[in-house]
Structures are given as structure tokens and as C-alpha cells.
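Protein chains in written order, with UniProt numbering: chain H, 1 to 347; chain F, 1 to 347.
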DNA sequence: TTGTATGCGTTATCAC
DNA sequence: GTGATAACGCATACAA
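Laid out in C-alpha cells, this is it:
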């Protein structure tokens, strides 16, 4: 018995037709006696239905994919962590795609939807939704949820929902806070301007300064990558150019880590000399010393929202596209509050 | 055209049989002219093969599942991060199961293999491989790789490989190091003894002490959970009971974080007064202050090994079960080295 | 080289 | 209620 039992095997053993077997297994009304015989045979054979055959017939896989740039990134981990149990609860399995933020890879995933190996997709395109992304989304007849920004003019009939955050407001919250604690020379360590978050945060920084009546000073801005070592390099450059800076706004937590490294290395007190704010409010923020004040962009909530929208579409059928905007918030920690405010005071 | 094109659609359009279409699409020898017509029709129709139908026919899904306790745990993230690209490279998609370390959930995944929705499985059972696990592994005719310990007496014919680490040696490395830097009263903050790592590390701690000719002192041992707050509670209790402790061996990095919190709160210098060693060498270890010396159990390497074993089995067919043991190593950082040893005062 | 026919394992539609 | 049978979309043995 190297091949597994099928409904045919059961039918033979129980002396009934495969139709009856299928009915029994699916709980359709059947005569008592037939039910017993089928159940017994299935039990003895250790029958388990073949999910592939069922999928082919039912035209659904009970699988959902989540495509992100990098599963190692704490932001995505936070999302997956929320998405997984929701899907499981609803009876779906979860597939993970790591795209490295490569647009071609993302397109591959979107186009792959036509293979019908999943019933829906959550995707977070790092560099934005291009014309080609849109085409692929329209061509895919499976529902898609895009985490991030989406063009205003999506074609009608696209099965797509959108979850986004508002990093503009996020940066604003951070700068307001820094201003409130007396900082006036607020530097900005950003990620690549070619990425959606990078571009948005750059604009947001300018706007926030303006709103606070602070001058925009090119010397206070440094662009690097969204990593720790890159953040360190950027911080070093900025501090060399503008030694008088009294706060550093960082475009994500990893950059902030790099900044903290450099400030410690240079013997500058945080937050005494320089206050530091990160972004994403990842698990790392509560681990550093001092702990890191960070703008939360609601990663967990975005994950939940994305899963919710997709499941709703899968369960309740077509409807107008929806957009969920998750409001940012500021989690204030040690890197922007003076020591006397942090009990225990062990420094 | 609400339904997608199939080989039948193409066959009609190209004026050939579905067999020819299939042949062309699979690159089998075909007349030049036929190839052109089929390709053209496929192209015009935007044909994409249905992966479910193909799976049913080919008896393979090109999918592999990875079941772990918690996708939020940095150890598993490190593994997934290695596994994902290897599978992708080999043409497999990755499914993620989060089991919460629940044995029933784990069994569900193992038994689910009989549904044939994946070609293979990597699983890391948190509380060990029970009799029932073994049964399910044998019953599943898909290859399985177990990360963690596996019973010696697996039944013949089980398609299972094993990747494990050697936490005994790991703990030993840590205690040798602590001893070498002059520590003699080495406390131990462990996780639940009901878990495989918890039990192994408890035994390893005793052994290591013995090897170093240090007495085993119950007051120096505290058992909690593998989390930060639990680690903090445990550290607090241990420090109250044994104020003279000069080092803390922690059963994982999260526990060590909690310990660092408490030590800072109590104004005890790390490593001056108390040295701290974590375990797993997660990303967090390089973020804390002081940075955390930690025993690396080779998470990344274990992930790679697991993927490698599974792929080998899928590609080269049956063979004897294999065991890969990943050797632990010690990454020495600030929590066990005195300040003067760390140049620039920043690590 | 090409077409016909069959099967992969299910579900569902019919007659009976 | 039950059984024969037709899909689902694809790949292939076999005959032409």
C-alpha cells in the first residue's frame, strides 16, 4: 500500500459508489447504514482527502500569499505575526514570498496569481505600484491587498484593497515632540529617495519644519539606506557637518540604531546633547539604551487590516475597493526624555 | 472572458490538439510550425498554466512547509530567512505554520501532510517528538526534516532527517568563558523544564559547573519562561536570594534582556559587577547596552541545513535518514568584557 | 510529429 | 437515497 487511499478505495471496501462516499464525507444526507460503512472503511484505511484534487474541483486553494521585501525586517515580521492567526482561523494557509524589494520579483508574484495557486494576495511593494503592477493586478482575477500607497486612478473592476499609513503625520508627530522638548536644530537621516517611504518622509520632514517655523537646512539632512551601518555612516557625516545639531529624526529604527552607535562613540549624551527618534516602533526600540522613542506606523494593525480586507472579499464576494488608513502614533521613550524622567536612573 | 484560458482554448485557436499544446508548452520536440501557432495563440490569450491541475497530474505541489512555534521569535526568523531563498532557488514555494508550540497543532501539521498540499516539511517541535509525532511522520509519505532532537529509535522507512544543535556544548562554552574571566558564582536563568531546550540546558549547566569544579547551588538557579519580562522576574528573584552572584547565564537572549533590565534598575554594573551571557545570538544581542555576549546555536546554519536535507531528498529520492549537528559558538560582546577592552567605548 | 483517449482525486448533476 | 458519469486542467501512453 504505497499509494494512499482515495474515495475509490473506500467505495470498493464499503461496497458503495464513490458518489456515496463523497456525500458521506461531506456530510450530505445519506442513509444511516451507508454512513456507517463508509466511515468505517475510511477509518480503517486512514483516508485523508487529497487537497489538490479538491482544489481543482472547487476552484479554490484555501491558500493566501503575503509578499514582502524581506522576512527578516521586523516591520514585516510584525505584520506576518498578525496575519497568520487570522488566516488560520479562517481556514487559509499562508505562503510567504520574499522579494528583496525587487520590482521584477514583485511582478512575478502578481503575475503568478494567474497560476491560481492561491486565492488571494497581500503585497507590500517597496518602490511603489508601477503601471506594470497595476496591469498585473487587473489581470489577476484573485483579490489583492496592497500595503502601501496605490495610484488614485486604479482601473474599475480591479479586485484590490489598500492599507496605508500616514508617515507625513508620523514625522510631524515626532518633530512636534522634539520641538516641544526644546530642540531647534533637528537633523534628518533618511533612506533612499527612490523608495516610497523615503520620498514620503523627505517631504514630510520639510513640511513639519515649516509648520514649526524652523528653517530647512540642507546640512541637516543625510540620505542613506534603511540599515544600521548605513545609519551610522549618515549620522557620522551629518554630525561632522553640523556639530550643533540637537536632535536626529531617523527614517526607521535601524537607522536610529546606527545613530545611537555613533553618538555613544563620540561621547554625546542621548538625549542630553542629542535626542533621537526612530520610526516603525519595532521590537528593537525597547531594547536599546537609552530606549528609543519611535513613531509607530501601526505595523501590527496594518497586518490585521490587510488580512481582514482580503478575507472579507474572499468570503463576501465583489465590492468596491476600500482604503484603510492606519494612524501613526508616537511612543516616547528614553532617547527623548531626560534621565530624571526615567525611574531607576541607572546610567 | 471571465474564465481564464486553458490548453483547450489554445488548442482551438491554434487549430491543434490539446496534446500538441501541452507538448509545445513543455518544450517537447514538435514541428516548427506547430510551435509557432501554439505559442502565438498562448501569447494572445495570455495563457498561464493552472498550477493546481498540474499538481494533481504530476503528484507534486512544488510547495514546502515550515512549521515553527512562533514566527515572531528571532530564532525562527533567522531560519526562515535562510530557508526561503534556498527553496525559491529550487523552485519551491514556502508555507509558514505557526503552532504556538502546541503539540496538538504540530500534530495537525504532520497529519496534514497526508492531504498532499506540500511536497515536504520542516518542523521544529518545541516540546519534543512524542510517540504521536513519530506515528504521523511515518504515516506521512512526504519527507520531513525535524529541527531539534529526534528519538534514537525511529522506525525504518521514515522519510525523516534531523538537524540539531548541541546546547550542552553551548552552555559549556559560556561557562568556560565566564570562569576564564574570573567568575565563580554563576547564576542560571532557565526556561520551562518541560521544553526540550529548557531540559537540555538545565542538564548542561550542571555538567559545565562540575567540569569547572564549581559547586551546584540551587539558590543560583531560577526557572521561568523564555520571555523578557519573565527573565526580569527570574533575575530579580535570583538577585534577592543570592546577592553575591557575579554572572548570569541566560537560557536565551530574551531572558538576558530582562536580566539586563533588572541589573540596570538595581544599579549593578554589567559586566563589572555581574557578567551576562545570552543564548541564540539573535539580532537583539548587538542592540543592547552593553552589547550581549551570547551563545550562537547557529540558527541560520540550521535553517540552511534543514532546507538542504529536504531538497536533497526531494531531488534525489529515498536514502538513509541523516543527522546534521550544528556546532555552537560563543560570540563575545560587551556584557562579559570590561570597558577597557572595548576600544572607543562603543561596541 | 500529431491526435485520441485516459487518468490524477474530487465534487456535483443527473437519472434511477 | 444511490449510482453512473461528467467535469476541473493538465500530461502522457499509445495509435495513427
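Just so you know, even glycine gets a beta-carbon here, dropped at the ideal spot from N, CA and C.
Neighbouring residues, chain H, relative to residue i (Cβ below 8 Å)
{"i": "residue 287 (chain F)", "result": "257, 284, 287 and 288"}
Where residue i meets chain H, residues with beta-carbon distance less than 9 Å
{"i": "residue 89 (chain F)", "result": "Within 9 Å Cβ-Cβ: nothing; residue 89 (chain F) doesn't reach chain H, min ~12 Å."}
{"i": "residue 77 (chain F)", "result": "71, 72, 74 and 77"}
Chain F within 9 Å of residue i, Cβ atoms only
{"i": "residue 337 (chain H)", "result": "no"}
{"i": "residue 333 (chain H)", "result": "no"}
{"i": "residue 307 (chain H)", "result": "no"}
{"i": "residue 61 (chain H)", "result": "yes"}
{"i": "residue 11 (chain H)", "result": "no"}
{"i": "residue 199 (chain H)", "result": "no"}
{"i": "residue 302 (chain H)", "result": "no"}
{"i": "residue 183 (chain H)", "result": "no"}
N- and C-terminal bounds of the beta strand (DSSP E) containing residue i
{"i": "residue 121 (chain F)", "result": "120 to 123"}
{"i": "residue 315 (chain H)", "result": "Unbroken run through residue 315 (chain H) is the alpha helix (DSSP H), 299 to 316; no beta strand (DSSP E)."}
{"i": "residue 137 (chain H)", "result": "It is not in any beta strand (DSSP E) - residue 137 (chain H) instead sits in the alpha helix (DSSP H) that spans 131 to 139."}
{"i": "residue 20 (chain H)", "result": "Premise fails: residue 20 (chain H) lies in the alpha helix (DSSP H), 18 to 25, not in any beta strand (DSSP E)."}
{"i": "residue 275 (chain H)", "result": "275 to 279"}
{"i": "residue 147 (chain H)", "result": "144 to 147"}
{"i": "residue 293 (chain F)", "result": "293 to 296"}
{"i": "residue 330 (chain F)", "result": "329 to 331"}
{"i": "residue 165 (chain H)", "result": "160 to 165"}
{"i": "residue 287 (chain H)", "result": "Residue 287 (chain H) -> no beta strand (DSSP E), and no H or E assigned at all."}
Buried/exposed call for residue i, threshold 16 Cβ in 10 Å
{"i": "residue 335 (chain H)", "result": "buried"}
{"i": "residue 14 (chain H)", "result": "buried"}
{"i": "residue 143 (chain H)", "result": "buried"}
{"i": "residue 313 (chain F)", "result": "buried"}
{"i": "residue 117 (chain H)", "result": "buried"}
{"i": "residue 100 (chain H)", "result": "exposed"}
{"i": "residue 98 (chain H)", "result": "buried"}
{"i": "residue 8 (chain F)", "result": "exposed"}
Interface residues of chain H facing residue i [CB-CB closer than 7 Å]
{"i": "residue 80 (chain F)", "result": "71"}
{"i": "residue 358 (chain F)", "result": "There is no way to answer for residue 358 (chain F), as the model of chain F reaches only from 1 to 347."}
Contact set between residue i and chain F, taken where Cβ atoms lie within less than 9 Å
{"i": "residue 115 (chain H)", "result": "48, 49, 50, 51, 52 and 54"}
{"i": "residue 4 (chain H)", "result": "114, 116 and 141"}
Cross-chain neighbours of residue i in chain F, by beta carbon under 7 Å
{"i": "residue 231 (chain H)", "result": "Going along chain F, no residue has its Cβ under 7 Å from residue 231 (chain H), so there is no contact; the nearest lies around 12 Å."}
Minimum Cβ-Cβ distance from residue i to chain H less than 9 Å
{"i": "residue 149 (chain F)", "result": "no"}
{"i": "residue 235 (chain F)", "result": "no"}
{"i": "residue 111 (chain F)", "result": "yes"}
{"i": "residue 139 (chain F)", "result": "yes"}
{"i": "residue 264 (chain F)", "result": "yes"}
{"i": "residue 321 (chain F)", "result": "no"}
{"i": "residue 324 (chain F)", "result": "no"}
{"i": "residue 171 (chain F)", "result": "no"}
Within chain F, partners of residue i - CB distance below 8 Å
{"i": "residue 96 (chain H)", "result": "80, 84, 94, 95 and 96"}
{"i": "residue 142 (chain H)", "result": "Going along chain F, no residue has its Cβ under 8 Å from residue 142 (chain H), so there is no contact; the nearest lies around 11 Å."}
Run of the alpha helix (DSSP H) containing residue i, from where it starts to where it stops
{"i": "residue 39 (chain H)", "result": "32 to 45"}
{"i": "residue 355 (chain H)", "result": "Examination of residue 355 (chain H) is not possible in this model, given that chain H is present from 1 through 347 alone."}
{"i": "residue 127 (chain H)", "result": "Element bounds for residue 127 (chain H): n/a, residue is neither H nor E."}
{"i": "residue 13 (chain H)", "result": "7 to 14"}
(request) Quick one: which unbroken alpha helix (DSSP H) runs of 4-plus residues sit fully inside the segment 180 to 254 of chain F? Chain order, please. (result) Annotation: the segment 180 to 254 of chain F contains the following complete segments of the alpha helix (DSSP H) (minimum length 4 residues), in chain order: 196 to 211 and 228 to 241.
(request) Go through the segment 52 to 96 of chain H residue by residue and report every complete run of the beta strand (DSSP E) that reaches 3 residues or more, in order. (result) Every beta strand (DSSP E) of 3 residues or more that sits fully in the segment 52 to 96 of chain H is shown, in chain order, as 63 to 68.
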